[in-house]
Amino acid sequence: PGPSQVQAHAADRGPATELKLGYFANLTHAPALISDSKGLLEGKLEQDGTGLEPQLFNAGPAAIEALNSGAIDAAYLGPSPALNSYISSKGNSLRIVAGAASGGASLVVKKDIAEPSDLAGTELATPQFGGTQDVALRHYLAENELLDDATVTPSSNGTLTQLFGRGAIDGAGVPEPYASLLVENYEGHRLVDESSLWPEGKFPTTVLVVAKDFLIEHPETVEKLVEANSEAIDWLNSAEQEEKIVAVQEALNAANGSSFAQPVISAALEEVTFAEDPLADTYQTLINHAAQVGIGEPGSADGLVDSRFIASQEH
Amino acid sequence: MGVLINEVSLTYPGTGLVIDQLSAEIEDGEFIAVLGASGCGKSSLLNMIAGLLAPSSGWLEVPQDGAAFMFQDSNLLPWLTAGKNVELALKLADYPVAQRAGRVTELLQLVQLGHAMEKKPHELSGGMRQRVALARALAQDRQVLLMDEPFAALDAITRDMLHEQLRALWAQTGKTIIFVTHNVREAIRLAGRILVLSSHPGRILETRCITDDLRNDPAQSAALANELTTILRKEQRKHELTDRNAG
Amino acid sequence: MGVLINEVSLTYPGTGLVIDQLSAEIEDGEFIAVLGASGCGKSSLLNMIAGLLAPSSGWLEVPQDGAAFMFQDSNLLPWLTAGKNVELALKLADYPVAQRAGRVTELLQLVQLGHAMEKKPHELSGGMRQRVALARALAQDRQVLLMDEPFAALDAITRDMLHEQLRALWAQTGKTIIFVTHNVREAIRLAGRILVLSSHPGRILETRCITDDLRNDPAQSAALANELTTILRKEQRKHELTDRNAG
Amino acid sequence: MSSLIETPDRTAAPGRTRLRPSRKVDAFVAPILTVLVLLSLWQIASWASPLREDLFPGPVAVAGKLPELLADGSLVSAVGTSLFRALSGFVIAVLIATPIALLLAHQPLLRQGVGPLVSAMQVLPSIAWVPAAIILFGLSDATIYTVLLLGAIPSIINGLLSGIDMIPTQYKALSKVLGASKREHILHIELPAALPGYVAGLRQGWAFAWRSLMAAELIAVGGSLALGVGSLLQRGRDLADLPLVMLVILTILLVGVLIELLFFAPIERKLMADRGMTRTGENNG
Amino acid sequence: MSSLIETPDRTAAPGRTRLRPSRKVDAFVAPILTVLVLLSLWQIASWASPLREDLFPGPVAVAGKLPELLADGSLVSAVGTSLFRALSGFVIAVLIATPIALLLAHQPLLRQGVGPLVSAMQVLPSIAWVPAAIILFGLSDATIYTVLLLGAIPSIINGLLSGIDMIPTQYKALSKVLGASKREHILHIELPAALPGYVAGLRQGWAFAWRSLMAAELIAVGGSLALGVGSLLQRGRDLADLPLVMLVILTILLVGVLIELLFFAPIERKLMADRGMTRTGENNG
Ligand SMILES: Nc1ncnc2c1ncn2[C@@H]1O[C@H](COP(=O)(O)OP(=O)(O)OP(=O)(O)O)[C@@H](O)[C@H]1O
Ligand SMILES: Nc1ncnc2c1ncn2[C@@H]1O[C@H](COP(=O)(O)OP(=O)(O)OP(=O)(O)O)[C@@H](O)[C@H]1O
Ligand SMILES: [Mg+2]
Ligand SMILES: [Mg+2]
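Residue numbers (the working numbering), protein chains in the order written: chain A, 1 to 315; chain B, 316 to 562; chain C, 563 to 809; chain D, 810 to 1094; chain E, 1095 to 1379.
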């Protein structure tokens, strides 16, 4: 009985009094970090009298839980948790309103693994079961008919780094800056850059999602959110390399005390592309890939992306 | 009517029949001594009168406010001092708060323990614990007072003194007192009536009334003591035999 | 030499001086009774002899293998049956395994509890528990046997019987027995020497030797009993006064 | 005034025995009833709730998930894996913790030094051990067992220690009088006397063991390590699959109830009966 | 000849023991010594270890991290936040658990029905509650407290229940004889008699409370929720910053030791002294 009631009451109610925005202290969430540290979003929201409450998360599932409960209204997320939630709620939970980052995920392996066929019999890891890198890696292994030969162990980013450092795993499919960290500090090398597996080399890493009800009730606020996102991305794409590295490093440090070295951040920024295109075409592929390797339920991504707020799209 | 015991039987799961259709009528204000061999069921009987144990058959009638009970082991609460142990009984009997402290002192002095008020049970000697338990039983101030070998751990002199005090208390208050003892002379000295229990199963073997005349006549009471001892000894003989066979 | 007590004093934190420079020499094979008012320090003295309590000053000498001890409360282990409680003492005394079961039966029969072998302590009456504790103390079979009011919870007949058995055991084995009692007659009946303790602080007030002649002469032993009672009563008087003042 | 306190009452036939349903049945009937009541409350709540169905699935929705999980065998095998790990780990923990507790109980200096640390280790969350365990053992069962053991051992040590602390002094005196050697004292007096407290400690130790295991199973949820219940739970969260999460929770509860009813409750009842006591809530006055 | 230091043993005749005043050994250095020994072992191990320093930092490296964390105040404020949450949550848990335990102890049917579930809830990992708590309370302290309470309450209930179970039957008889009402019985006999077991349960409850709190603090690391020790630990793990992880572990241990030494140990010592017992490892025979 729930959903219909909620829909019945949902209507445009003008700007929200408050926007609760979730994101991670990750390099792939740089648009959120920059928007926050430069006060971009805050400034825009103030015009409507909307307050901003940023909220840091560790992982996608917790962010999705928070979004579902109304504890946050919008979030920067990897596409996989967003897709999972969209499908399991039958389209009622959220919408993707913009992209934030693409690329910037690689399979980093030990020195002695030189080509894909060497992956047979190895132990690999990804940050999260059913996450973007997890599905990608499993799909890649399946394509190369290695899925039964190599094992894939989901484990958190920090643990992965440790496991790789200790030699307990032979490789990891990870996002930036961890991929760069493994390369810079732990003598790994990139065996597969994920972008090489996608048409035009583009696949989403971070997207901006908004709770469906919030989107219906406060489109003005969402518009501001997307604008700020766009400005942050513009800044990231236009700023001097040095300035960019320092700004990202400081934003990360301010957010959760991260202390990644400049070379790591610099290498990571090379890998990631910041763009507000949500890459709507890729979601069905992502869902299909997941279903092919037996993760999650098959479903349709139709209606997931609401790209009306993206300026570039309008023109 | 003080206490009415009607064809009460008691069976313990592991032990079998301990008390067999025992009946007794105890008048209001009587002073009863219960004699019997070790293990014959005296404590069990008191437990039933106190309502702590349900009879397996038969029934008992006791005053509605229950009975004060002095247990065979002193059963003091280890976290309370001697004084607080007695005070708890007063508190639970709704004794007026203002007079409690005074009453506690009075009761402990009665049992010669005025100096041990602040002592925890583990700091008391065996006899001292028993006397605190006695003070606590008196603190309850019920119409019926059950005492399970109240003086067993006491020396003869202290015991003598407490005998006197118990008699005096009984005379003053008209309580119904039922007390278990192993000491035939003690029974004769204190009680108005003596019930002698048999063992295995427990029945009333003998009932003797003690008049004040008898009590105060050394020769007569010595004769009664001998007589009761003989009865008890005869009863005991039987068990010696059964025990030999059982072992 | 059985037990040597040399100017032993004992102070409890909360209570103060309980035993004051007490000295006594107890010969090997002696049968000693200790008399004294409730709370005078008899149990404390036995505890020191058993090595359970260190004296505050002075020293004691006991045989190296220690002493068997029958506690004032029966102190049975609640998870073991009567038989197993006795057996444990045999086991810890390295009694040959093969003969243990037989010895347990023997000892329990000695205290008239052949039938209660399989009972847990909570299924026993107070007097039965005390008798199991007695059997256990005998099972330890040490040269020195300490007994703290071993017959307090027993009826006169059982007590008589056990008196005889204890005398017989002592005569046969030549054990050194030190036992605490409240019963002046019991002391005269059993002991070869009686120590009377004063209270507050505990000192030796009197020492009396009992010859077999005296023991077997009712008139003489009655006279001694009276005499000892008088001594104890005089001692007690003092405390009554102090207690009134303390209370 | 005398009133009637008759037990059993006067009209009852003499010698009648009270009929009691056997304990075993009792022990299962009441919990099952409770569960049924809770399930219906849950279903009603989920119908009445304004929350979306994927956020608050009712029992029916959750049950609907069951065939799928049973069909691919993942639930059964996860429960089997976790139960095996938890039980074997628990046994190891008991075997390690018991001698340590005895050592601490008999070495005053050691206890003063190490005792507070043991208590402190109880409050250390299991995941704190994960980095260290991974460095030592990599992604192996050894890592999982390490985390489990470090979770369970301190609590079992504390349970046994507090059981030993509660032993009445008179038993220690008895043991000394009986001439028990240290070994004999521990074996014949200390352990049996401490047993009730020890079992209470074991129950807590089991809880710690199981919860630590769940935490350990989150380190790595598949691959070379067999999939456990903890991994399944995390998988449910990762996939925003609340019916799966609920199903795992119910499974864990079921395992917990069964362990309690088949293991701890009977042991405790036996111990108490041995000592002439009854658990409150069981018949007998 | 009565002085505290007496003629030595050898004057006793052969085959005899001389019993003399005992001397008490004071050992205040023990805990400090233990910590020092452990620290040096750790430093030596880290020097001797072939592992890279960032994988196995020694105490010196960890200590080096301290000024930085103290400078930005994050460690102190995280400890303060977590400690406040844990203590207040623990107090609430005690206030909720105690009446429930008393109710269960006095309602046989309820205990049979709900008792096993309470034990089972102890084995439910804290993160199992997180999704439900978030849905109900969002990202607020209420969520954190919910997870904490659900972790601590069952264990306190079980502790009190087992304390009540262990009450000697004779105290119940006494209470009946003294004519205590149910309320009076609970207040004057049951609670004080169960107190030692209850405190043991509280100690476990505290451990559960703290560990559940750590789990709850992983949900979110900043924003509306103040940063706690759990978040700091997770941050250390996420950043593969082992010195930070170690520092947080040490901090948690320190908090645990202090709570133990300043709270549980004195209470327990008091309770036991009240009952004429001593903790093993404390002087007195
Ligand atoms: N809980 C019980 N379970 C089984 N048997 C019991 C239980 N309590 C007592 N008995 C048995 O009942 C009999 C009577 O016990 P009770 O305590 O009433 O004796 P008593 O007359 O008071 O003896 P004593 O003078 O030694 O105190 C004994 O044989 C004892 O073994
Ligand atoms: N642990 C203790 N702490 C403080 N005082 C104690 C302790 N144990 C005994 N006492 C005190 O020491 C005195 C002697 O006690 P003890 O038990 O030796 O007496 P007793 O002669 O055996 O008495 P009873 O005949 O009543 O058993 C008493 O006044 C008692 O209060
Ligand atoms: Mg009795
Ligand atoms: Mg004594």
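The C-beta atom is built at its ideal place from N, Cα and C for all residues, glycine as well.
Rounded separation between residue i and residue j - CA only
| i | j | result |
| --- | --- | --- |
| B/Q336 | D/A914 | 52 Å |
| D/I909 | E/K1276 | 42 Å |
| D/K833 | D/V1064 | Low confidence applies here, because D/K833 scores a pLDDT of 46, under 50, leaving its location unreliable; read the following figure in that light. Rounded to the nearest angstrom, the two C-alpha atoms are 18 Å apart. |
| C/V796 | C/N788 | The displayed chain sequence assigns Lys, not Val, to residue 796 of chain C. Approximately 12 Å between the Cα atoms of the pair. |
| A/A142 | A/S195 | 17 Å |
| D/I998 | B/S358 | 29 Å |
| C/A660 | B/S389 | 40 Å |
| D/R920 | D/V986 | 25 Å |
| A/A267 | A/Q241 | 11 Å |
| B/D456 | B/G429 | 20 Å |
| B/P465 | C/R765 | 28 Å |
| A/P177 | A/A59 | 15 Å |
| E/A1310 | A/W235 | 36 Å |
Neighbour list for residue i in chain D, Cβ cutoff strictly below 8 Å
| i | result |
| --- | --- |
| C/L614 | A982, K985 and V986 |
N- and C-terminal bounds of the alpha helix (DSSP H) containing residue i
| i | result |
| --- | --- |
| A/R308 | Premise fails: A/R308 is in no alpha helix (DSSP H) and is neither H nor E. |
| C/R765 | Note, C/R765: premise wrong, no alpha helix (DSSP H); not H, not E. |
| A/A16 | Careful: A/A16 lies outside any alpha helix (DSSP H) and carries neither H nor E. |
| E/D1332 | V1323 to D1332 |
| A/R190 | Note, A/R190: premise wrong, no alpha helix (DSSP H); beta strand (DSSP E) at H189 to D193. |
Other residues of its chain near residue i: CB distance less than 7 Å, five sequence neighbours each side excluded
| i | result |
| --- | --- |
| C/M610 | V570, L572, P617 and L622 |
| A/S258 | A25 and L252 |
| A/A255 | A25, L33 and L56 |
| A/H189 | V108, V109, K111 and V183 |
| A/E123 | T151, T153, I169 and D170 |
| C/S783 | I750, L776 and R777 |
Span of the beta strand (DSSP E), counted from its first residue to its last, around residue i
| i | result |
| --- | --- |
| B/W374 | S372 to P378 |
| C/Y574 | V565 to Y574 |
| C/D582 | G578 to I588 |
| B/I503 | No beta strand (DSSP E) holds B/I503; the alpha helix (DSSP H) holding it covers V499 to L505. |
Contacting residues, own chain, Cβ-Cβ under 8 Å from residue i (five flanking each side not counted)
| i | result |
| --- | --- |
| A/G99 | P204, T206, V207, L208, A275, E276, D277, P278 and L279 |
| A/Q292 | H139 and A142 |
| B/V447 | S389, L391, A397, N400, V401, L423, V426, L428, A431, P436 and L439 |
| D/L845 | none |
Interface partners of residue i on chain C, CB under 9 Å
| i | result |
| --- | --- |
| D/G1085 | P640, K682, P683, H684 and E685 |
Amino acids of chain C, ordered along the chain, whose beta-carbon sits closer than 8 Å to that of residue i
| i | result |
| --- | --- |
| D/H997 | L650, K653 and L654 |
Cross-chain neighbours of residue i in chain A, by beta carbon under 9 Å
| i | result |
| --- | --- |
| E/R1277 | Under the 9 Å cutoff, chain A gives no residues; its nearest Cβ is about 41 Å from E/R1277. |
Own chain partners of residue i with C-beta closer than 6 Å, once the 5 adjacent residues on each side are dropped
| i | result |
| --- | --- |
| A/Y186 | F164 and G165 |
Proximal residues of chain B, C-beta to C-beta of residue i below 7 Å
| i | result |
| --- | --- |
| E/A1274 | L407 |
Q. What residues in the segment 155-167 of chain A bring their beta carbon closer than 8 Å to a beta carbon of chain E?
A. Against chain E - using a Cβ distance shorter than 8 Å - the residues of the segment 155-167 of chain A are S156, N157, G158, T159, T161, Q162, G165 and R166.
Q: Mind checking the segment 622-640 of chain C against chain E and listing, in chain order, the residues whose C-beta falls within less than 9 Å of any C-beta there?
A: L622, E623, V624, P625, Q626, D627 and G628
**Q.** the segment 1004-1015 of chain D: positions lying closer than 9 Å to chain E by Cβ
**A.** P1005, G1006, V1008, A1009, G1010, R1012, Q1013 and W1015
Q: Taking a Cβ distance cut-off of 7 Å, strictly less, list which residues of the segment 450-465 of chain B are near chain E, in chain order.
A: Hits within the stretch, in order: Q455.
Q: Could you run through the segment 1249-1264 of chain E and flag, in chain order, every residue whose CB is less than 9 Å away from some CB of chain D?
A: S1249, N1252, G1253, L1255, S1256, G1257, I1258, D1259, M1260, I1261, P1262 and T1263
Q: Closer than 8 Å, Cβ to Cβ, to anything on chain B: give me those residues from the segment 785-801 of chain C, in chain order.
A: T791, L794, R795, Q798 and H801
Q) Using Cβ-Cβ distances below 8 Å, what residues of the segment 927-939 of chain D are close to chain E? A) S928, A929, M930, Q931, V932, L933, P934, S935, I936, A937 and V939
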